[in-house]
Structures are given as C-alpha cells and as structure tokens.
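K.L.:
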Amino acid sequence: MSSLIKFKIDGKECMAEAGTFIVEAARQNSIYIPTLCNMPGLKPKGSCRICTVRINGRLMTSCTTPVADGMEIESGSLDIIELRKSIVELLFVSGNHFCPACEKSGNCELQALGYLYQMMVPRYPYDFPLRAVDASSPKIIKDQNRCILCKRCIKSIKDEDGKSFFAFRSRGNHLEVVLDQELAATMTDEQAELAMQNCPVGSILVKEKGFATPIGKRKFDKQPIGSDIHV
Amino acid sequence: MSKPIIATTSLAGCFGCHMSILDIDERILQLIELVEFNKSPIDDIKTFTKPVDIGIIEGGCCNSENVEVLKSFRKNCKILISLGECAIMGGLPALRNGIPVEECIHEAYIGGPTVQLNKDHILPNDDELPMLLDKVYPCHEIVKIDYFLPGCPPRADLIWDALVALITGDPLKLPYEVVKFD
Numbered sequence: 717m718s719s720l721i722k723f724k725i726d727g728k729e730c731m732a733e734a735g736t737f738i739v740e741a742a743r744q745n746s747i748y749i750p751t752l753c754n755m756p757g758l759k760p761k762g763s764c765r766i767c768t769v770r771i772n773g774r775l776m777t778s779c780t781t782p783v784a785d786g787m788e789i790e791s792g793s794l795d796i797i798e799l800r801k802s803i804v805e806l807l808f809v810s811g812n813h814f815c816p817a818c819e820k821s822g823n824c825e826l827q828a829l830g831y832l833y834q835m836m837v838p839r840y841p842y843d844f845p846l847r848a849v850d851a852s853s854p855k856i857i858k859d860q861n862r863c864i865l866c867k868r869c870i871k872s873i874k875d876e877d878g879k880s881f882f883a884f885r886s887r888g889n890h891l892e893v894v895l896d897q898e899l900a901a902t903m904t905d906e907q908a909e910l911a912m913q914n915c916p917v918g919s920i921l922v923k924e925k926g927f928a929t930p931i932g933k934r935k936f937d938k939q940p941i942g943s944d945i946h947v
Numbered sequence: 003m004s005k006p007i008i009a010t011t012s013l014a015g016c017f018g019c020h021m022s023i024l025d026i027d028e029r030i031l032q033l034i035e036l037v038e039f040n041k042s043p044i045d046d047i048k049t050f051t052k053p054v055d056i057g058i059i060e061g062g063c064c065n066s067e068n069v070e071v072l073k074s075f076r077k078n079c080k081i082l083i084s085l086g087e088c089a090i091m092g093g094l095p096a097l098r099n100g101i102p103v104e105e106c107i108h109e110a111y112i113g114g115p116t117v118q119l120n121k122d123h124i125l126p127n128d129d130e131l132p133m134l135l136d137k138v139y140p141c142h143e144i145v146k147i148d149y150f151l152p153g154c155p156p157r158a159d160l161i162w163d164a165l166v167a168l169i170t171g172d173p174l175k176l177p178y179e180v181v182k183f184d
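Chains as they are written, first to last, in my numbering: chain A, 717 to 947; chain B, 3 to 184.
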C-alpha cells in the first residue's frame with residue numbers, strides 16, 4: 717500500500733490510492749459526491765456534471781479526475797451545491813418527469829437529488845417535449861419521457877458476446893437511448909432486472925412489476941441519497 | 003392585529019391537495035384560531051369579499067377559467083403559494099402536453115373506447131364553457147408565485163409548518179420526510 721496519497725475534501729484529511737477517481741476516493745473516506753451518469757464498475761465519462769467539484773479554483777468532474785497528492789478539493793460549498801441543484805432542475809424541465817405517476821418514484825436517483833437539494837420548483841421553464849414509450853420488447857418498457865441519457869444502460873447491460881442491448885440513436889436534441897429489438901428478444905429476466913436497477917430514473921421498467929414497494933418503504937423515502945456513504 | 007386571511011382554490015387539480023389541508027387533523031382547530039378563510043371551497047365563499055393575505059393554489063392552468071381565477075388570486079392576495087405538483091409543474095393533466103388539443107378532444111368525445119353513446123359526435127361547444135389551453139401550464143408560468151410546496155399531495159405537515167412559519171414569521175424547518183414529489 718505504498719501508493720497511498722493524502723488529499724483534502726472540504727478541509728477533511730483523506731487518503732486513497734494514487735490514481736483513484738475523486739468520486740470513489742471520496743466514497744472510501746465516507747464523503748458522498750452525487751453521481752448520475754457514473755456508477756461503480758463503469759468507465760466514467762463525466763457527462764452529467766452533477767459530481768462537479770472545485771480544484772485549484774477550477775470546476776472539474778470528480779468522476780473523471782484522479783486524486784493527486786496534496787490535492788485540495790472543494791465539494792460542499794454553497795455555490796457548488798447551487799450549481800448541482802441547477803443541473804437537477806435542468807434535467808427535470810428538459811424531460812417529462814411526472815413523479816406522482818412514475819413506477820420508479822421513491823427509488824429514483826434524480827428525484828432523490830431533488831430531495832437532497834430541496835428543489836421546490838425548477839427555476840427554468842418546462843419544455844414538455846413529445847417523447848415515445850417503447851413497450852414492444854417482451855421484458856422491459858423504455859420510456860423516453862424520463863430518460864436522462866446517462867448511458868449507464870448502454871455501458872452495463874450486455875449479452876454474452878459483449879453486445880449492448882441499448883444504443884444511442886440520432887443526435888443533438890433528438891438524441892435518445894433505444895433498445896435493440898433483435899437483442900431485446902433474447903434478454904433474460906436477470907438482465908431486465910439489472911437494466912431497471914442501473915437506470916437512475918424510471919426510463920427502464922421491467923414489465924408487470926411497477927409499484928412493488930409501498931410508499932414509506934422505498935429507497936429514498938426516509939433517508940437522503942448518499943446517507944449510506946456519508947457519516 | 004387581526005387574523006391573517008386565507009383563500010384557496012383548485013384549478014386543474016383533483017382536490018387531493020385540499021384533502022391534504024384537511025389532513026392536518028385536529029390542528030384544524032388551531033388553524034381557525036390563527037386565520038380567517040375568505041374565498042375557498044373550505045367555507046364555500048365564492049368571491050373575494052376583502053383583501054387576502056395568503057392565497058393557496060392547487061392545480062395548474064388547463065383552460066381559460068383557470069387563468070382567470072389564478073389572475074384574480076394574484077390581484078387579491080399578497081402572497082401566493084403553489085400547492086402540489088399540478089400547480090408547480092402541471093401534474094397529471096400535463097400528460098397531454100405535446101399532444102395537439104384536437105387529438106385530445108377527439109379521443110375524449112369521438113374516438114375513445116367508452117364514448118359510443120355520443121352517436122352524433124357532438125363536441126362541447128357552448129359559449130359558457132371555458133376554452134381549453136394549448137397545454138397545461140404551471141401556475142408560475144402565468145402569474146408570479148411566491149412559494150412552492152411540492153408533493154402529490156403535499157404532506158399535511160409540510161402545509162401546516164409552512165402556513166405557521168408564514169403567519170408567525172418563524173423560519174421554516176423542512177425535515178427530509180416532508181418534501182416529496184409524490
């Protein structure tokens with residue numbers, strides 16, 4: 717363990733192995749930095765920016781930046797919290813996130829971040845885009861209204877040959893994550909379940925499985941997101 | 003000092019938020035000590051009879067009548083609160099946003115599976131009926147709203163704590179469990 721280095725997050729002395737990404741290094745030191753497009757086990761891409769921290773006066777995505785010796789990281793400052801909150805608000809207005817009617821409500825990471833930052837109303841106007849729901853595959857429903865294009869399903873749900881069940885289609889404002897129809901026919905129950913779990917929002921749902929957990933017992937009903945990490 | 007005056011209304015909502023106001027249970031006795039109600043379904047006063055301190059809006063704006071009522075609330079109330087998801091973001095009625103009004107009307111009165119009785123294909127066209135808007139609007143996109151209490155419905159404790167904080171001027175505590183979007 718000779719490669720252990722020291723760094724600080726919000727003034728707290730931390731240690732991790734050199735080369736660890738800041739999000740993971742923070743987690744190892746019981747500090748929660750929110751993530752949406754990133755999840756443990758996947759190669760980070762830093763696209764959602766929710767994990768933004770300040771290092772040497774510059775804003776960086778902590779899921780793609782490795783810790784360095786003596787690094788001083790600012791994560792809990794009011795302006796950074798405000799910036800993260802504005803990202804959550806932008807995600808809420810740019811899709812159709814009807815929490816009261818969503819099967820993932822209470823277990824949704826985007827919603828949980830709304831709770832964490834006490835989003836009472838987004839500061840941006842609602843877009844209400846017209847998006848499709850694809851229920852044509854046997855195991856899952858892909859609801860484009862709720863997709864935040866995090867790419868977690870594309871990167872994590874693959875068949876035995878390593879082919880992704882999901883893929884990006886189109887570009888810019890029309891970009892969407894779609895399900896490969898041929899591959900979808902071969903999807904196992906376990907893969908469907910994992911796809912739903914890995915989706916941070918309610919865009920991937922296993923068919924005939926909505927609202928399984930009662931209100932009050934869902935993941936984020938009583939405990940804020942990150943409270944399993946943060947001490 | 004006289005009691006603060008409260009008015010409430012339900013626009014494009016389901017009255018669930020009003021139910022949640024009643025869900026403060028026995029604190030309703032304290033509430034009538036604290037405030038006086040004016041225009042509201044709770045006391046059935048239909049029009050504003052005096053200037054109001056706090057207006058509570060349930061539901062978004064889906065038709066011309068909603069807009070008119072909302073504007074009269076803004077005119078007559080010092081403080082306006084958007085109560086619940088429908089007032090804040092349109093809520094379930096806003097599921098029609100993005101679908102042309104004509105298609106919605108057709109589905110409701112002509113093409114839908116439960117409308118066989120409408121043999122003459124009559125569409126609602128009486129002058130007395132409010133006009134549907136092109137989409138359902140959150141209240142703050144029509145008038146200025148001062149406070150927002152999310153939830154479907156907002157928890158009774160959230161409504162109570164917010165009202166008491168507003169009336170007494172004490173800071174509002176927001177425990178994690180009371181701010182929810184469903």
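Heads up, the beta-carbon is just placed ideally off N, CA and C, and yes, glycines get one too.
For Q907(A), count the other beta carbons within 10 Å of its own beta carbon; 16 or more makes it buried, fewer makes it exposed. Which is it?
P.N.:
So Q907(A) ends up on the buried side.
K.L.:
Rounding to the nearest angstrom, what Cα-Cα distance links R157(B) and E825(A) in this structure?
P.N.:
If you take the alpha carbons of R157(B) and E825(A), they lie about 21 Å apart.
K.L.:
According to DSSP, S84(B) sits in a beta bridge with which residue or residues?
P.N.:
S84(B) pairs with I59(B) and F150(B).
K.L.:
Quick one: grab the DSSP three-state call for R847(A).
P.N.:
Coil.
K.L.:
Return no unless some Cβ of chain A is closer than 8 Å to the Cβ of D25(B).
P.N.:
Closer than 8 Å: no.
K.L.:
Could you pull out every unbroken alpha helix (DSSP H) segment of at least 4 residues lying fully inside the region 816-876 of chain A, listed in chain order?
P.N.:
Runs of the alpha helix (DSSP H) inside the region 816-876 of chain A: 825-832 and 868-872.
K.L.:
Answer yes if the region 10-19 of chain B comes into contact with the region 63-81 of chain B, meaning at least three C-beta pairs across the two stretches below 8 Å, and no otherwise.
P.N.:
With the cut-off at 8 Å, the region 63-81 of chain B and the region 10-19 of chain B touch.
K.L.:
Using a Cβ cut-off of 9 Å, pull out every chain A residue sitting near D184(B), in sequence order please.
P.N.:
Per Cβ cutoff of 9 Å: C815, P816, A817, C818, S821, G822, Q827 and I931.
K.L.:
Would you be able to state if there are at least three C-beta pairs under 8 Å between the region 28-35 of chain B and the region 45-54 of chain B?
P.N.:
Touching, no, given that fewer than three Cβ pairs across the two stretches are closer than 8 Å.
K.L.:
Taking only three categories from DSSP, how would you classify R76(B)?
P.N.:
Three-state DSSP puts R76(B) in a helix.
K.L.:
So which residues on chain A does M21(B) lean against when the C-beta distance must stay under 8 Å?
P.N.:
What M21(B) touches in chain A: nothing, since even the nearest Cβ is about 14 Å away.
K.L.:
Look at the alpha carbon of Y842(A) and the alpha carbon of E819(A), and state the distance between them as a whole number of angstroms.
P.N.:
Roughly 21 Å separates the two Cα atoms.
K.L.:
Hey, could you find the ends of the alpha helix (DSSP H) T170(B) is sitting in?
P.N.:
Taken as a continuous stretch (DSSP letters only), the alpha helix (DSSP H) holding T170(B) covers A158 to T170.
K.L.:
Which one of S791(A), S821(A) and S872(A) has the shortest CA to CA distance from K933(A)?
P.N.:
Out of S791(A), S821(A) and S872(A), S821(A) has the C-alpha closest to the C-alpha of K933(A).
K.L.:
With distances taken from CA atoms, which of L794(A), A901(A) and M755(A) is nearest N914(A)?
P.N.:
Ranking the options by Cα distance to N914(A), first place goes to M755(A).
K.L.:
For a cutoff of 8 Å on Cβ pairs, would you count N120(B) as touching chain A?
P.N.:
Cβ-Cβ to chain A under 8 Å: no for N120(B).
K.L.:
Looking at the secondary structure, which residues open and close the beta strand (DSSP E) in which E892(A) lies?
P.N.:
It spans E892 to L895 - the beta strand (DSSP E) in which E892(A) sits, taken as one unbroken run.
K.L.:
Count the other CB atoms within 10 Å of the CB of A732(A); is the residue buried (16 or more) or exposed (fewer)?
P.N.:
So A732(A) counts as buried.
K.L.:
Within a Cβ cutoff of 6 Å, which residues of the same chain sit near P149(B), ignoring the five residues on either side of it in sequence?
P.N.:
The sequence shown places Tyr at residue 149(B), not Pro. Contacts found: I83.
K.L.:
DSSP state of E28(B), grouped into three classes?
P.N.:
Note: E28(B) maps to coil in three-state DSSP.
K.L.:
Using a Cβ-Cβ cut-off of 6 Å (strictly less than) and excluding sequence neighbours within five positions of E143(B), which residues of its own chain qualify?
P.N.:
If we look at E143(B) and ignore the five residues flanking it on each side, it has no Cβ neighbours.
K.L.:
Three or more C-beta pairs closer than 8 Å, one from the region 76-93 of chain B and one from the region 150-169 of chain B: is that the case here?
P.N.:
Yes, the region 76-93 of chain B is in contact with the region 150-169 of chain B.
K.L.:
Between which residues of its own chain and Y840(A) is the CB-CB distance below 7 Å, once the five residues before and five after are set aside?
P.N.:
Excluding residues within five positions, the ones whose Cβ falls inside 7 Å are E805, L806 and V809.
K.L.:
Less than 8 Å between the C-beta atoms of N40(B) and A9(B), yes or no?
P.N.:
Yes, these two residues count as a Cβ contact at 8 Å.
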